[in-house]
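Asks:
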Amino acid sequence: MSHSFYFLDDIAIADLAFDASGNSLQELFHGATCAVIEALADPGTVGATWRQTIERTDEDPAELLFDWLSDLVYWKDAAGVVFSRTELTLTCQDHGCWKLTGVLYGEPVNGSAQTLRSDVKGITKHLYQLSQNGGRWTVRVVLDV
Amino acid sequence: MDSAGGVGRMKLNTKMRVNRITDEVWEIPMTEKSGMLVPARIYATPTILRSMDAGVFEQVTNVACLPGVRRYVLCMPDGHWGYGFPIGGVAAFDVRTGIISPGGVGYDVNCGMRLIRTNLTREDVQPYLEQLMTELFRRVPAGVGASGFVRLDHASFDEVMTRGARWCIERGFGWHRDLEAIEEGGCIAGVDPSTVSDQARNRGMNQLGTLGSGNHYLEVQVVSTDRVFDQETALAWGITGHDQIVVMVHCGSRGFGHQVASDYLKVFEKAMRRYGISVKDQQLACAPFASVEGQDYFSAMNCAANTAFANRQVITHQIREAFSAVLGRSAEEMEMELVYDVAHNIAKVERYPEGDLVVHRKGSTRALGPGSPELPPQYRTTGQPVICGGSMETGSYLLAGTHGAMQDTFASTMHGAGRTMSRAQAKKSIRGEQLQQEMKRRGILVKAVSMSGLAEEAGFAYKDISEVVETVDRAGITKKVAELRPIGNIKG
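Which chain is which? The protein sequence lines are A and B, in order.
Just so we're on the same page, our numbering is the position in the first sequence counted from 1, plus 149.
Just so we're on the same page, our numbering is the position in the second sequence counted from 1, plus 51.
(1) Any beta carbon of chain B sitting closer than 7 Å to that of A:Val258?
(2) Using 8 Å as the threshold, is the stretch 364-372 of chain B in touch with the stretch 297-312 of chain B, meaning 3 or more CB pairs across them?
(3) Please report the residue range of the alpha helix (DSSP H) in which B:Leu439 lies.
(4) Taking only the alpha-carbon atoms, compute the straight-line gap between B:Ala373 and A:Leu177 and give it to the nearest angstrom.
(5) With a threshold of 8 Å, are at least 3 pairs of Cβ atoms found where one atom belongs to the stretch 340-357 of chain B and the other to the stretch 315-325 of chain B?
(6) Residues of chain B with a CB under 7 Å from the CB of A:Ala184: which are they?
(7) Tell me which residues share the same chain as B:Lys544 and place their Cβ nearer than 7 Å to its Cβ, disregarding the 5 neighbours each side in the sequence.
(8) How is the beta strand (DSSP E) around B:Val130 delimited, first residue to last?
(9) Could you pull the start and end residues of the beta strand (DSSP E) that B:Gly139 belongs to?
(10) Examine the Cβ distances between the stretch 193-205 of chain B and the stretch 381-395 of chain B and report whether three or more of them are shorter than 8 Å.
(11) Residue ranges of each beta strand (DSSP E) run of no fewer than 3 residues wholly in the stretch 234-286 of chain A, ordered along the chain?
(12) If you measure between the beta carbons of B:His131 and B:Arg474, is that distance less than 7 Å?
(13) Report the rounded CA-to-CA distance for B:Asn161 versus A:Thr194, giving the unit in angstroms.
(14) Is the distance from the Cβ of B:Ser546 to the Cβ of B:Gly510 below 7 Å?
(15) Note down the Cα distance separating B:Asp145 from B:Tyr123, rounded to an integer number of angstroms.
(16) Counting only Cβ-Cβ distances shorter than 8 Å, please list the residues of the stretch 457-484 of chain B near chain A, keeping chain order.
(17) Determine whether the beta carbon atoms of B:Gly543 and B:Ala312 lie at a separation below 7 Å.
(18) Use the C-beta contact count for B:Pro404: other C-beta atoms within 10 angstroms, 16 or more gives buried, fewer gives exposed.
(19) Taking a Cβ distance cut-off of 9 Å, strictly less, list which residues of the stretch 496-527 of chain B are near chain A, in chain order.
(20) Which of the three DSSP states is assigned to B:Leu230 in this structure?
(21) Could you give the residue range of the beta strand (DSSP E) that holds B:Lys542?
(22) Might you give, ordered along the chain, the residues of its own chain that have their beta carbon closer than 7 Å to the beta carbon of B:Thr522, omitting 5 neighbours on each side?
(23) Kindly indicate which three-state DSSP category B:Thr73 falls into: helix, strand or coil?
(24) Identify which residue in B:Asp294, B:Lys317, B:Arg165, B:Trp77 has its Cα closest to the Cα of B:Glu174.
(25) What residue ranges within the stretch 410-458 of chain B form continuous alpha helix (DSSP H) runs of no fewer than 4 residues, ordered along the chain?
(26) Just checking: is the beta-carbon of B:Gln333 within a distance shorter than 7 Å of some beta-carbon in chain A?
(27) Using a Cβ-Cβ cut-off of 7 Å, state whether A:Phe156 counts as contacting chain B.
(28) Smallest Cα separation from B:Gly236: which of B:Ala361, B:Leu262, B:His395, B:Glu186?
(29) With DSSP as the reference, label B:His466 as helix, strand or coil.
(30) Going straight from the alpha carbon of B:Arg380 to that of B:Leu230, what length do you get?
(31) In the stretch 216-245 of chain A, which residues sit with their C-beta less than 9 Å from some C-beta in chain B, listed in chain order?
(32) Step through the CB atoms of chain A and report whether any lies within less than 7 Å of the CB of B:Ser381.
(33) Under the three-state reduction of DSSP, which class applies to B:Ser102: helix, strand or coil?
(34) Just the C-alpha distance for B:Ala456 and B:Met164, rounded to the nearest angstrom, thanks.
(35) State yes or no: is the C-beta of A:Ile272 within less than 7 Å of the C-beta of A:Phe232?
(36) Measure the C-alpha to C-alpha separation of B:His466 and B:Pro421 and round it to an integer number of angstroms.
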């Protein structure tokens, strides 16, 4: 894996923004997912007693990533959890459709045991752009907090 | 820019022409961007105007291109870049020919302010402040993934969506007279919960009575006599000064409102193609107000707005319980009455000389002046209370609506201080623990779920709220009533 992400200082003054990248789309998805996990809580302080498998398909990988990252925000509220890690596989199907199978691991929010960070309320399309340059995939994401 | 007839030698973060209308009102004419249907007006002192980020100028002029927009697009002095519309933005659209846009409401539907007064003084509360803040922190959950004590099933959550704060009062979470001090009586009528997705329901059902995080807070404040600027109005609202204790709540519809906005941004992206609408920013996705999609969003947004009124009502109940538990007196004895509750992220149909308009306020507060028939009797002579939250270090303001706002700004004014520094920069400048200690030394006790979240909200990350308030006061769109200084704060 050679995914990476870093948070940006001055992109969204009231919110959070990050750039993620990877040598493949799957690595990019992994990097962006790790960024959202880190935005919510320090994953090193979160266990893995809760698990959720999610499958999604879309012809547009940018829309697929947007919806997948939105899934993290949804489960954070709907199940009251924060996340420690993710496993995901991304495949391009015969008809040109991308299929994502992702597994989220985490545990119920517990402020006394976990280092909680920002309550991300949503993924936005502000400056949202997924692109490939010189074999490296990148995406910019602004999170509404 | 340096342009004769514009703003003289003032250097702004835009190359657009900006004309001075008065010392507090600046106009970007329709000639500055292709497709503008009305001019854009920014309320600001020269100092505030100079500090405004480039996004404000770009975004107010983008909004001025949307179909059915009327008179002006406005930005208040606490304005800054937002998603699609700027924070501090106000825009009104014709109900027949105009649009409705989630970008003009904000993701946190009916994010708003509530102020509760007491007959307590600082002297009464100070010995118990640590205990009181601990009790408030325990009773009002905040931060990532917080869930409230009210357990709801799908049917009862539908009732919250349709009945708002009334639902809470009927279950003992408050007093009947609270409703008279909430915008719309705490319940916007005519909503249809079937316009809300299952995802939004699942995100919202456990969050009633929770603060959230970001810039949301619960604050115990003091009103000193020398900081009451309009004694007659203040007294009419039960604000007496003399180190009086009041409690301010800033929060909204939590994940529920955000999911409603996200759901309908997707719906509107497709609908725009069908209706032939093009926008200059994807976050301005919209639909004709009169269309099925537009009406569905209006209903779902109002469901979220009612849920936000209910959220602040349950929090009020918990505040009263906490004060009673710590101070050993009933909330009635302590006269813990609402001063007012008002939204600053909402779209409403209101009547103006142009006709019925969908007024979008995003980070802007309704400010009805004296005599407005929409106001309950207790506010008819004074104008509507406007509650403006500052940073947790510098204090907040209570203002009153004016005739000027009704004439000039679609009855709208500022909502808070407005950020000037990013969250990331603020965290690099100070650690949460250090800020907490510094504030304690200055007499402000802070309880926070997240220390990094606390650092993000440091006072230096915000504009000087006093200058923002002076701007709207001098512009005549609200008048100063009192300043409220923090002594205790709870953050997510």
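Just so it is clear, CB atoms sit at the ideal spot from N, CA and C, and this is done for glycine as well.
Replies: Put simply:
(1) yes
(2) yes
(3) Looking at the sequence shown, residue 439 of chain B is not Leu but Cys. Careful: B:Cys439 lies outside any alpha helix (DSSP H), inside the beta strand (DSSP E) at 436-439.
(4) In a straight line, the C-alpha of B:Ala373 is about 48 Å away from that of A:Leu177.
(5) The way I'd put it, the stretch 340-357 of chain B does touch the stretch 315-325 of chain B; three or more beta-carbon pairs between them come closer than 8 Å.
(6) In chain order: nothing, as chain B lies at least about 13 Å away.
(7) Examination of residue 544 of chain B is not possible in this model, given that chain B is present from 52 through 543 alone.
(8) Here the sequence assigns Gly to residue 130 of chain B, which means Val is not the residue at that position. From DSSP, the beta strand (DSSP E) with B:Gly130 extends over 124-131.
(9) Where B:Gly139 is concerned, the enclosing beta strand (DSSP E) stretches over 138-145.
(10) no
(11) 247-257, 271-282
(12) no
(13) Straight-line Cα distance between these residues: approximately 34 Å.
(14) The structure shown does not extend to residue 546 of chain B, since chain B spans only 52 to 543, so no value can be given for it.
(15) 13 Å
(16) Arg470, Thr471, Met472, Ser473, Arg474, Ala475, Gln476, Lys479
(17) no
(18) exposed
(19) Val500, Ser501, Met502, Ser503, Gly504, Glu507, Ala512
(20) Shown here, B:Leu230 sits in a helix according to DSSP, grouped into three states.
(21) 529-542
(22) Glu75, Tyr94, Ala95, Thr96, Ile99, Pro128
(23) coil
(24) B:Asp294
(25) 428-431
(26) Answer yes: the Cβ-Cβ gap between B:Gln333 and chain A drops below 7 Å somewhere.
(27) Closer than 7 Å: yes.
(28) B:Ala361
(29) coil
(30) 23 Å
(31) Among the residues of the stretch 216-245 of chain A, those with a Cβ less than 9 Å away from any Cβ of chain B are Ser219, Val222, Tyr223, Lys225, Asp226, Ala227, Ala228, Gly229, Val230, Val231, in the order of the chain.
(32) no
(33) Residue state, collapsed to three classes: helix.
(34) Roughly 19 Å separates the two Cα atoms.
(35) no
(36) 19 Å
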